[in-house]
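Here the structure comes first, spelled out in structure tokens, and everything after it is commentary.
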Amino acid sequence: MARKKSFAIIGLSNFGKAVIDTLVAKKQHVMVFDADQAKVNNMIASYEQIDGVALDSTIKANLIEQGLDQYDTVIVTMATNIEASVLTIISLQDIGVNNIIAKSKDSRHARILKALGITNIVQPDLIAGNIIAAKAMFDVAIEMQTVDENYASVVIKVTEPSIDGSSLLDLRLINNKDYNIVHIKRKGKVILPGDVDSLKLGDELLFIAKINAINDLTTKLQAVEEPTEADK
Numbered sequence: 152m153a154r155k156k157s158f159a160i161i162g163l164s165n166f167g168k169a170v171i172d173t174l175v176a177k178k179q180h181v182m183v184f185d186a187d188q189a190k191v192n193n194m195i196a197s198y199e200q201i202d203g204v205a206l207d208s209t210i211k212a213n214l215i216e217q218g219l220d221q222y223d224t225v226i227v228t229m230a231t232n233i234e235a236s237v238l239t240i241i242s243l244q245d246i247g248v249n250n251i252i253a254k255s256k257d258s259r260h261a262r263i264l265k266a267l268g269i270t271n272i273v274q275p276d277l278i279a280g281n282i283i284a285a286k287a288m289f290d291v292a293i294e295m296q297t298v299d300e301n302y303a304s305v306v307i308k309v310t311e312p313s314i315d316g317s318s319l320l321d322l323r324l325i326n327n328k329d330y331n332i333v334h335i336k337r338k339g340k341v342i343l344p345g346d347v348d349s350l351k352l353g354d355e356l357l358f359i360a361k362i363n364a365i366n367d368l369t370t371k372l373q374a375v376e377e378p379t380e381a382d383k
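Taken in order, the sequence shown gives residues 152 to 383; the numbers are from the working numbering.
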């Protein structure tokens, strides 16, 4: 299990709330900051595990006072106000915060963040669009969640009879530049790829994959349903 880390969330947008939900579910230490006292109060009231402070994050002294440089990761989720986002990030960098994740409003905002040296940038609308487009290409149901605009985690169940008993190596499912198997779930038991040589029908495979490679993965692992008379 990953060690418990501390996260500072600056900006209580819907995106910020979604990040908080995930971190709380993973039992991480979360502190929230927003200029709106009411938003901070509502967030604290919603969770027993988190604390929050209302502040103007564009003012460096406020960040120093709250010890923002002591957190493992600071996530800046405000994006509607690009100026506030940029000033907040500059202030964080000035006080020595190195691990910053920032939400961008659009490609212009993302370019500004990159110019500031931010490498971990999230553009939710772009990610959501890529995921929806990828899902729309499949005739079968798959579980998919975003990792970033290029990669997603995806669970694919093996239903193609011809690959029952085939090795991971022969199927080119390991050492592949486009995707990696995280684990295999077989009859409810989670197995690491190195502990199994071949696949069986019904195995559920969790991948981290390039979004544009998921279609090939699905085609390889899942049987194509023949159209019924009603479909013809």
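Glycine included, each C-beta is placed from N, C-alpha and C at the ideal position.
Check	Outcome
Let me confirm a value: residue 343 is counted as buried when at least 16 other C-beta atoms fall within 10 Å, else exposed. Which label applies?	exposed
With DSSP collapsed to three states, give me the class of residue 347.	coil
Can you say whether residue 247 is buried or exposed, counting buried as having 16 or more other CB atoms within 10 angstroms of its CB?	exposed
Tell me where the beta strand (DSSP E) around residue 203 begins and ends.	202–205
Taking buried to mean at least 16 other C-beta atoms within 10 Å of its own C-beta, is residue 200 buried or exposed?	exposed
Only counting the same chain, and skipping five residues up and downstream in sequence, which positions put a Cβ closer than 8 Å to that of residue 261?	255, 272 and 274
Is residue 162 helix, strand or coil by DSSP?	coil
Only counting the same chain, and skipping five residues up and downstream in sequence, which positions put a Cβ closer than 7 Å to that of residue 179?	155, 156 and 158
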